[in-house]
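Peer 1:
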Amino acid sequence: MLIKDRYAHILHYFETNVPVAETELHYTNPFELLVAVALSAQCTDKRVNLVTPALFNAYPTCNAMAQATADDIFKYIRSINFPVNKSKHLATMARQLVNDFNSEVPSKIIELVTLQGVGRKTANVIASVIFNQPTMAVDTHVFRVSARLGLTNAAAKTPLASELQLIKHIPKALVPRAHHWLILHGRYTCVARTPKCAECALTQWCKYYATQQRASNKK
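As numbered in my numbering, the sequence shown has no gaps in its residue numbers, which increase by one up to the final residue, 219.
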């Protein structure tokens with residue numbers, strides 16, 4: 001199957017069957033999403049959503065959080081993975097927003113990644129979700145699902161390489177939703193240890209499934 005055909009079929013399926021695809025993190029403004037995404041690194045969205053209500057109640061703006069110490073913030077996020085480092089990052093990040101960006105979350109990737117605790121993946125999420133830019137955040141789900149489906153090839157050995165291959169083939173208008181399509185598919189269907197191929201509607205275009213079928217037929 002040609003790569004362009006694989007993309008066309010898979011994207012058409014998602015557009016038709018999952019027209020609305022959004023982050024599962026709870027937020028009401030750009031600052032809250034930035035904090036939530038930063039907290040979600042190596043942690044589930046479900047866990048993040050459990051702690052952010054109290055955190056955002058205590059620090060509703062970056063100006064409020066900028067007045068807090070890392071120890072103050074730690075009290076609210078102690079159940080998150082790596083809470084010590086993340087509390088330090090949030091305290092510094094809030095001060096950076098106030099001092100360097102006039103208390104506004106910047107829209108440019110080059111500016112977002114200057115914030116403490118914000119890597120390329122987090123920056124891409126903010127640019128995509130908040131500013132509707134054609135940026136593809138590659139987390140473990142996107143990386144795994146893209147490779148299994150055959151949307152990326154063996155040369156995509158890193159998240160950045162995977163990102164570049166994906167945005168090369170996905171129309172710009174679809175990139176923001178495609179990010180969530182791949183995440184949700186990986187979270188609920190194409191799971192890491194035992195993908196639920198019997199429940200998957202993408203098997204006819206999936207490289208992994210075709211490989212498994214060939215291996216089964218040889219037995």
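Even glycine gets a Cβ: it sits at the ideal position worked out from N, Cα and C.
With a threshold of 16 other CB atoms inside 10 Å of the CB of E32, please say whether the residue is buried or exposed.
Peer 2: Mapped onto the sequence shown, residue 32 falls at position 32. E32 should be labelled buried.
Peer 1: Buried or exposed: where does F82 fall if 16 or more other Cβ atoms within 10 Å of its Cβ makes it buried?
Peer 2: Position 82 of the sequence shown holds residue 82. By the 10 Å Cβ count, F82 comes out exposed.
Peer 1: Can you list, in chain order, the residues of its chain whose CB lies under 6 Å from that of S162, leaving out five sequence neighbours each side?
Peer 2: Here residue 162 corresponds to residue number 162 of the sequence shown, with the count starting at 1. Correct list, in chain order: V138, F143, S146, T152, A156.
Peer 1: Assuming contact is defined by CB atoms lying nearer than 8 Å, are A54 and Y76 in contact in what I supplied?
Peer 2: Taking the first residue of the sequence shown as position 1, residue 54 is located at position 54. Taking the first residue of the sequence shown as position 1, residue 76 is located at position 76. Cβ distance < 8 Å, so A54 and Y76 count as in contact.
Peer 1: If you measure from the beta carbon of A192 to each beta carbon in chain D, is any gap under 8 Å?
Peer 2: Protein chain content of the structure displayed is limited to a single chain, and chain D is not contained in it.
Peer 1: Please find out if some non-hydrogen atom of the ligand HEM comes closer than 7 Å to the beta-carbon of Y7.
Peer 2: Among the components modelled here there is no ligand, and therefore nothing to report on the ligand HEM.
Peer 1: Between the alpha carbons of L184 and P171, how many angstroms are there, rounded?
Peer 2: Taking the sequence shown and counting its residues from 1, one reaches residue 184 at position 184. Taking the sequence shown and counting its residues from 1, one reaches residue 171 at position 171. Their backbone Cα atoms lie some 19 Å apart in a straight line.
Peer 1: Going by Cα to Cα distance, which pick from A41, D45, L90, V84 is closest to Y59?
Peer 2: Working through the sequence shown from its first residue, we reach residue 59 at position 59. Selected option, being the one with the closest Cα: L90.
Peer 1: Roughly how many whole angstroms lie between the Cα atoms of S87 and G186?
Peer 2: Taking the first residue of the sequence shown as 1, we reach residue 87 at position 87. Taking the first residue of the sequence shown as 1, we reach residue 186 at position 186. Near 28 Å, if we compare the C-alpha coordinates of G186 and S87.
Peer 1: Please go through the same chain and pick out, in chain order, the residues whose beta-carbon is closer than 7 Å to the beta-carbon of P180, but skip the five residues on each side of it.
Peer 2: For this step, residue 180 is matched to residue 180 along the sequence shown. In the sequence as displayed, the identity of residue 180 is His instead of Pro. The residues are A21, E22, T23.
Peer 1: Hey, could you find the ends of the alpha helix (DSSP H) S79 is sitting in?
Peer 2: Locating residue 79 in the sequence shown gives position 79, counting from the first residue. Run containing S79: none; DSSP gives neither H nor E here.
Peer 1: Going along the chain, which unbroken runs of the alpha helix (DSSP H) with 4 or more residues stay wholly within the stretch 25–108?
Peer 2: For the stretch 25–108, whole alpha helix (DSSP H) runs of length 4 or above, ordered along the chain, are 30–39, 45–58, 62–66, 70–77, 83–100.
Peer 1: Under a Cβ-count criterion, where at least 16 other Cβ atoms within 10 Å of its own Cβ denotes burial, should I10 be classed as buried or exposed?
Peer 2: Position 10 of the sequence shown holds residue 10. The residue is buried, with at least 16 neighbouring Cβ atoms inside 10 Å.
Peer 1: List the endpoints of the continuous alpha helix (DSSP H) containing V145.
Peer 2: Against the sequence shown, residue 145 aligns to sequence position 145. Where V145 is concerned, the enclosing alpha helix (DSSP H) stretches over 140–149.
Peer 1: Which residue's Cα is closest to the Cα of A173: T194, K207, F131?
Peer 2: Counting from 1 along the sequence shown, the entry for residue 173 is found at position 173. Cα-wise, what sits closest to A173 is F131.
Peer 1: Taking only three categories from DSSP, how would you classify P159?
Peer 2: Taking the first residue of the sequence shown as 1, we reach residue 159 at position 159. P159 falls in the helix class under three-state DSSP.
Peer 1: Is DSSP giving F131 helix, strand or coil here?
Peer 2: For this step, residue 131 is matched to residue 131 along the sequence shown. Note: F131 maps to coil in three-state DSSP.
Peer 1: Skipping 5 residues on each side, what residues in its chain have a beta carbon closer than 6 Å to that of R177?
Peer 2: Position 177 of the sequence shown, counting from 1, holds the residue named residue 177. So the list reads A21, once near-sequence residues are dropped.
Peer 1: I need the straight-line Cα distance from T52 to A215, nearest angstrom please.
Peer 2: By 1-based counting over the sequence shown, the position of residue 52 is 52. By 1-based counting over the sequence shown, the position of residue 215 is 215. Roughly 46 Å separates the two Cα atoms.
Peer 1: What would DSSP say about E111, mapped onto helix, strand or coil?
Peer 2: One-based indexing of the sequence shown puts residue 111 at position 111. The answer is helix: DSSP assigns E111 an H, G or I state.
Peer 1: How is V125 classed by DSSP in three states: helix, strand or coil?
Peer 2: Reading the sequence shown from its first residue, position 125 is the one you call residue 125. DSSP places V125 in helix when its eight states are reduced to three.
Peer 1: Whole angstroms are fine: how far does the CA of H169 sit from the CA of L97?
Peer 2: For the purposes of this step, residue 97 is identified with residue 97 of the sequence shown, where counting begins at 1. For the purposes of this step, residue 169 is identified with residue 169 of the sequence shown, where counting begins at 1. Between L97 and H169, the C-alpha separation is close to 34 Å.
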